[in-house]
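J.: One structure is given below, represented as structure tokens, and several questions about it will come after.
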Amino acid sequence: MAAAAEERAAKRLKADSSTEAGGDDGDDGGANGGPALHSPVSGFKTERVLRESAREKTMFIHGKMDDQEAVVILEKTPIRQDTLAELLKTSTLNLEMKNDIYCTYHLHAPAHLNEIKTTVICPATEKHVKKYLHQETFLIEESGEDYRAITLPYISSQSFSVQWVYNILEKKAEADRIVFEDPDPNVGFLLLPDFKWDQKQLDNMYLIAITHRRDRKSLRDLTSEDLPLLRNIREKGQEAIQKRYGIPPSKLRVYLHYQPSYYHLHVHFTSLDYDAPGCGVERAHLLSDVIQNLQADPRYYSSRTLTFPLRADDTLLLKFKEAGKL
Ligand code: M7G
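Using this note's numbering, you'd call the opening residue of the sequence shown number 1134 and step up by one each time.
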């Protein structure tokens, strides 16, 4: 990124983050978060740790909040270049060990430079708890016929609510976070930060484009009729990101998940330098490949066998087993 563009983007991120104390990551039924007056997690009663990673510095916890099932996700945020000077100047250091030219310390940073991004899902369903529980996974090969006979009936009755998506489309939630909107009912979409991104640094930039159309559940529903929609998302999404953050298309990974968790068509835009969860070949389909495949075969995604991972406790896996497909 050119130095001037990088500086502009950093200033923009700083201005954005100063207006969003409190955060509004969960599906709150419409309300956006304001300044943090009290901590909703102070009364959280931990039941069990679903998953943790020392390398990623994350912990996924299942518990109760006001007698409701809840999932809390804690993630230590990356060290930021723009606050580095302040961090080194204002922190206290406690020496742990010294040996020749080698020293290790515990650095105690001021509270505002020592954040833990916290996501709260409450009330959480059994499916949310399963989503974050560490589980063995298995690859499924789903033909177009399998999709119609096994997967479609299952997702029609069992998938996560997409109320949070409708709240965004209707500007009932996260309206102040919108980066770009094309309001066209057929090819239009909204682009905004994914709730995995704290917007503090560009290295892990993560945005999602959500279509205004509500009749496309996933990749499986796409035909060549959707090419104008997909091209529009790619072109205008890339343009908006370049303009807002100074990141060129050559530094973006733009893809759809199959299977997604939420069955309302959306496209992920992540920084190419960020090893985003779910960007592996078994789940991510590059938008440019999707466009080319539909150009070559209008029914590509309704007829081809698609491969994806399912977790051991996923009921869909059981359905495939029952149908003798595994
Ligand atoms: P997906 O491919 O359906 O599933 O992507 P995944 O969650 O297994 O990746 C949905 C995307 O929407 C994910 O990247 C989520 O982090 C993101 N997301 C989920 N919720 C509930 C919200 C939300 O309330 N707000 C925003 N901005 N993003 C969300």
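For every residue, glycine included, the Cβ atom is placed at its ideal position computed from N, Cα and C. Because the structure is a prediction, the values reported are computed rather than measured.
For residue 1193, which residues in the same chain have their Cβ closer than 6 Å to its Cβ, ignoring the five residues on either side in sequence?
T.: The residue given as residue 1193 occupies position 60 in the sequence shown. Counting only Cβ-Cβ distances below 6 Å, and skipping sequence neighbours, we find 1183, 1184, 1206 and 1265.
J.: Hey, could you find the ends of the beta strand (DSSP E) residue 1184 is sitting in?
T.: Numbered from 1 along the sequence shown, position 51 holds the residue referred to as residue 1184. That run of the beta strand (DSSP E) goes 1178–1186.
J.: Out of 1233, 1195, 1199 and 1366, point me to the one whose CA is closest to residue 1181's CA.
T.: By one-based count along the sequence shown, residue 1181 stands at place 48. Minimum Cα distance to residue 1181 is reached at 1195.
J.: Is residue 1351 closer than 8 Å to residue 1392 when the C-beta atoms are compared?
T.: Translated into the one-based positions of the sequence shown, residue 1392 becomes position 259. Translated into the one-based positions of the sequence shown, residue 1351 becomes position 218. Taking 8 Å as the Cβ cut-off, residue 1392 and residue 1351 qualify as a contacting pair.
J.: Taking residue 1382 as the reference, give the member of 1395, 1398, 1399 and 1403 with the closest Cα.
T.: Here residue 1382 is taken as the residue at index 249 of the sequence shown, counted from 1. Looking at the Cα atoms, 1403 is the closest of the given residues.
J.: For residue 1201, which beta-bridge partners are listed by DSSP?
T.: For the purposes of this step, residue 1201 is taken as residue 68 along the sequence shown, with counting starting at 1. Looking at the DSSP assignment, residue 1201 forms a beta bridge with 1198.
J.: Would you kindly report the start and end of the unbroken beta strand (DSSP E) that includes residue 1462?
T.: Because the chain in this structure spans residues 1134 to 1459, residue 1462 falls outside the shown range and cannot be described.
J.: Using the C-alpha atoms, what's the distance from residue 1210 back to residue 1156?
T.: Here residue 1156 corresponds to residue number 23 of the sequence shown, with the count starting at 1. Here residue 1210 corresponds to residue number 77 of the sequence shown, with the count starting at 1. Unreliable placement is indicated for residue 1156, whose pLDDT of 35 sits below 50; no coordinate value is reported for it.
J.: Using only CA atoms, which one of 1225, 1329, 1202 and 1263 lies nearest to residue 1176?
T.: Counting from one through the sequence shown, the residue named residue 1176 turns up at place 43. Nearest of 1225, 1329, 1202 and 1263 to residue 1176, Cα basis: 1202.
J.: If you drop the 5 nearest sequence neighbours on each side, which residues of the same chain put their C-beta closer than 6 Å to that of residue 1436?
T.: Walking along the sequence shown from the start, residue 1436 turns up at place 303. The residues are 1277.
J.: What would DSSP say about residue 1245, mapped onto helix, strand or coil?
T.: What you label residue 1245 is simply residue 112 of the sequence shown in a count that begins at 1. In this structure, residue 1245 counts as helix in the three-state DSSP scheme.
J.: So, at 7 Å on beta carbons, what are the nonlocal neighbours of residue 1395 in its own chain, with the 5 sequence-adjacent residues on each side left out?
T.: As a position in the sequence shown, residue 1395 is number 262, starting the count at 1. So the qualifying residues of the chain are 1293, 1295 and 1298.
J.: To the nearest angstrom, how far is it from the Cα of residue 1225 to the Cα of residue 1236?
T.: Indexing the sequence shown from 1 puts residue 1225 at position 92. Indexing the sequence shown from 1 puts residue 1236 at position 103. C-alpha separation (whole angstroms): 15 Å.
J.: Could you give the distance in angstroms between the alpha-carbon of residue 1457 and the alpha-carbon of residue 1416?
T.: As a working mapping, residue 1457 is identified with position 324 in the sequence shown. As a working mapping, residue 1416 is identified with position 283 in the sequence shown. Whole-angstrom Cα-Cα distance: 23 Å.
J.: Around the C-beta of residue 1282, are 16 or more other C-beta atoms found within 10 angstroms, so that it is buried, or is it exposed?
T.: Taking the sequence shown and counting its residues from 1, the one referred to as residue 1282 is at position 149. The residue is exposed, with fewer than 16 neighbouring Cβ atoms inside 10 Å.
J.: Would you please state the rounded distance, in angstroms, between the beta carbons of residue 1405 and residue 1384? I believe it to be under 8 Å.
T.: As a position in the sequence shown, residue 1405 is number 272, starting the count at 1. As a position in the sequence shown, residue 1384 is number 251, starting the count at 1. Rounded, the Cβ-Cβ distance is 5 Å, consistent with contact.
J.: Looking at residue 1411 and the ligand M7G, is the gap between the Cβ and the nearest heavy atom below 7 Å?
T.: Mapped onto the sequence shown, residue 1411 falls at position 278. True, at least one ligand heavy atom lies under 7 Å from that Cβ.
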